[in-house]
Amino acid sequence: LFFALALSVVAISSCLVPTSDARIAEYDDFWKKRRAEAWNRTLLSYEPNPAKIVTHLNLHSHRLLHELNATDHFHLVGNHTRRSLRGRRYNGPCTVTNPIDRCWRCRSDWATNRFRLADCGLGFGYKAKGGKNGPIYVVTDSSDNDMVNPKPGTLRHAVIQPGPLWIVFARSMVIRLSQELLVTSDKTIDGRGARVHVAYGAGITLQFVSNVIIHGLHIHDIVQGSGGMIRDSVDHYGFRTRSDGDGISIFGSQDLWIDHVSMRRCYDGLIDAIMGSTGITISNSHFTDHNEVMLFGASDGYSPDAKMQMTVAFNHFGKRLIQRMPRCRWGYIHVVNNDYTHWNMYAIGGSSAPTIISQGNRYIAPPDDVNMYAKEVTKRDYAPESVWQSWTWRSDGDVFMRGAYFTQSGDPNYMSKHPERYDLMQAADGSNVAAITRFAGALLCKVGAPC
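Letter by letter, the sequence shown follows residues -22 to -1, 1 to 429 in mature numbering (1 follows the signal peptide of the UniProt record, and there is no 0).
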């Protein structure tokens, strides 16, 4: 009886404490090696001077806005309201409104020069080159029937191949993943030129990998995978437990860029990044219809997530969102030039003393008849004010509407500690955000024409 009770206590404890095993039922030498390599990459990817990365992105934004203002192209787009533009195809000339898109989107040769995209990343995920200079793999088959020996031509077969690979799609398709899709390092999943939906099945997992770009996908209606034997590389497969139901699950991974995705309705989070993940940019994406949108850091007890560095830039957080845009622990999060048009509880939250730099965003609080008590952008958990008042949460150049407000904390002179950098660290003003994020989400790109 004592033995049985002891086993029960251990089982309950294991449910409460996050484990580094992460749905790996058999933690063999293959996974032990990948975990050790991943932590070493986290240490290498970590930027000891994050202001350098912040400044680099903000300088590119200022430079572009100055040029666009000089030609009036920016105001041509910005003078339209979000309501008048969202859901309607833009019929004007190709116009770029942020520095990432400027690098590639208005070039008509994007389909014959896909690798150019890899040089366009900004923020903490700037090192992600994906499958640049590798072979191009064309997905021709939307099926996902064999988890151990995936069929050539399927997305599952593509993502387990060794070495750099640039994955594109032969046509528009809906891919219903039977189990979580385990992506290996040095991959680009590029949905341009087709309407590619990963939907109605399991989600995408980036576990102990690096150098991955995900671009141009619609990811929605994701459910939990039941688990089982799943191949994770050409020379290894193993038993996986039930997946969480995230749209994109990032675990112990580095140097990642998620760009121009459209996401909604996933069982758990839309994008979760945990357990030593760092060097990540999420940009130009459109999020709707979800409760817990993004989680950066899953445990207040996992202090190695202090190495987490994330950029959330040029995104539109849209209709029927509730909270966690993102919810952060430990790390350094740069939230810049995003349009927060909807939330029902709060927009940005956290615990365990993360650094959150909010620059040039637009925050529109819920109307009074939806939730008059949810005007505050921020939410701090598991700490009294006497503790969280030392956390660095700063707002700079943000625009607040409908009664929204950002409760700042930490050193009020944080942005001006280094006068030689202060001017450089300022982002584009939040009043420009509707135009900056005008083309957020998966784009409809046609070969031979700008996107």
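All C-beta atoms, glycine included, are put in the ideal place defined by N, C-alpha and C.
Check the C-beta distance from residue i over to residue j and give it rounded, since I have them as a contact under 8 Å.
i: G216; j: A180; result: So it is not a contact: roughly 16 Å between Cβ atoms.
i: N269; j: A291; result: That belief does not hold up - the Cβ atoms of N269 and A291 are roughly 23 Å apart, past 8 Å.
i: L95; j: W82; result: 5 Å
i: S254; j: G230; result: For the sequence presented, residue 254 should be read as Gly rather than Ser. At roughly 5 Å, the Cβ-Cβ gap stays under 8 Å, so G254 and G230 are in contact.
i: S336; j: W308; result: Not confirmed; about 17 Å, so no contact.
i: L160; j: I208; result: 6 Å
i: A382; j: Y341; result: 4 Å
i: H198; j: A420; result: Contact flag wrong, Cβ pair sits at about 11 Å.
i: R218; j: R1; result: 5 Å
i: G273; j: G257; result: Gly is not the amino acid found at residue 273; the sequence shown has Leu there. Not really, about 17 Å apart at Cβ, beyond 8 Å.
i: C98; j: P428; result: Rounded, the Cβ-Cβ distance is 14 Å, inconsistent with contact.
i: I31; j: F102; result: 6 Å
Answer yes or no: the CB of residue i versus the heavy atoms of the ligand FMN, is any distance below 8 Å?
i: S221; result: Inclusion of the ligand FMN in the displayed structure is not the case, the ligand content being empty and no account of it being possible.
So for residue i, helix, strand or coil by DSSP?
i: L160; result: strand
i: L273; result: strand
i: Y392; result: helix
i: F229; result: strand
i: W366; result: helix
i: D124; result: coil
i: D376; result: coil
i: M403; result: helix
i: N111; result: coil
i: W144; result: strand
i: E45; result: helix
i: H238; result: coil
i: E354; result: strand
i: S263; result: coil
i: G279; result: coil
i: V174; result: strand
i: T289; result: strand
i: N76; result: coil
i: N189; result: strand
i: V313; result: strand
i: H294; result: strand
i: C98; result: coil
i: H198; result: strand
i: G105; result: Gly is not the amino acid found at residue 105; the sequence shown has Lys there. Coil, per DSSP.
i: S39; result: helix
What residues are listed by DSSP as bridge partners for residue i?
i: L299; result: H268
i: W88; result: According to DSSP, W88 bridges with nothing at all.
i: R307; result: S329
i: W371; result: I334 and S387
i: G206; result: R218
i: L184; result: I228
i: S211; result: H214
Rounded to whole angstroms, what is the Cα-Cα separation between residue i and residue j?
i: V271; j: M241; result: 9 Å
i: H175; j: H264; result: 14 Å
i: K110; j: T166; result: 8 Å
i: residue 430; j: K11; result: Residue 430 lies beyond the residue range present for the chain, which begins at -22 and ends at 429; the question has no answer from this structure.
i: A276; j: T370; result: 20 Å
i: A106; j: N189; result: 5 Å
i: R243; j: D87; result: 34 Å
i: A325; j: V239; result: 19 Å
i: A406; j: L46; result: 13 Å
i: Q287; j: T118; result: 36 Å
i: residue 452; j: W144; result: No answer is possible for residue 452: the residues shown for the chain start at -22 and end at 429.
i: T415; j: D168; result: 20 Å
i: K129; j: N123; result: 8 Å
i: S373; j: S281; result: 25 Å
i: T385; j: V314; result: 17 Å
i: G152; j: S121; result: At residue 152 the sequence reads Val, which differs from the Gly that was named. Each residue's Cα considered, the two are about 9 Å apart.
i: Q404; j: N339; result: 12 Å
i: T75; j: Y360; result: 39 Å
i: Q232; j: M303; result: 20 Å
i: H294; j: A418; result: 6 Å
Please name the residue, chosen from the options, that lies closest to residue i on a Cα-to-Cα basis.
i: W321; options: G338, G328, D213 and K297; result: K297
i: K424; options: V239, A96, G381 and A172; result: A172
i: Q139; options: F147, S150, N127 and A148; result: N127
i: V187; options: G381, R13 and A284; result: R13
i: D7; options: I226, H214 and I342; result: H214
i: T289; options: W235, S281 and I252; result: W235
i: V377; options: G247, I2 and V411; result: V411
i: Y318; options: V355, E25, I200 and F93; result: V355
i: D224; options: I249, D233 and S211; result: I249
i: I285; options: T333, M303 and N293; result: Before going on, a small fix: residue 285 reads as Lys here, not Ile. For the residues T333, M303 and N293, the minimum Cα distance to K285 belongs to T333.
i: M379; options: S394, D346, D233 and Q367; result: D346
i: A148; options: M125, Y115 and A177; result: Y115
i: S221; options: N36, V212, Y245 and Q232; result: Y245
i: H38; options: Q232, N27, R80 and S227; result: R80
i: C306; options: G327, S394 and V201; result: G327
i: V212; options: P26, G426 and V137; result: V137
Indicate whether at least one CB of chain C lies closer than 9 Å to the CB of residue i.
i: K129; result: As a matter of chain content, chain C is missing from the structure shown, which is built from one protein chain.
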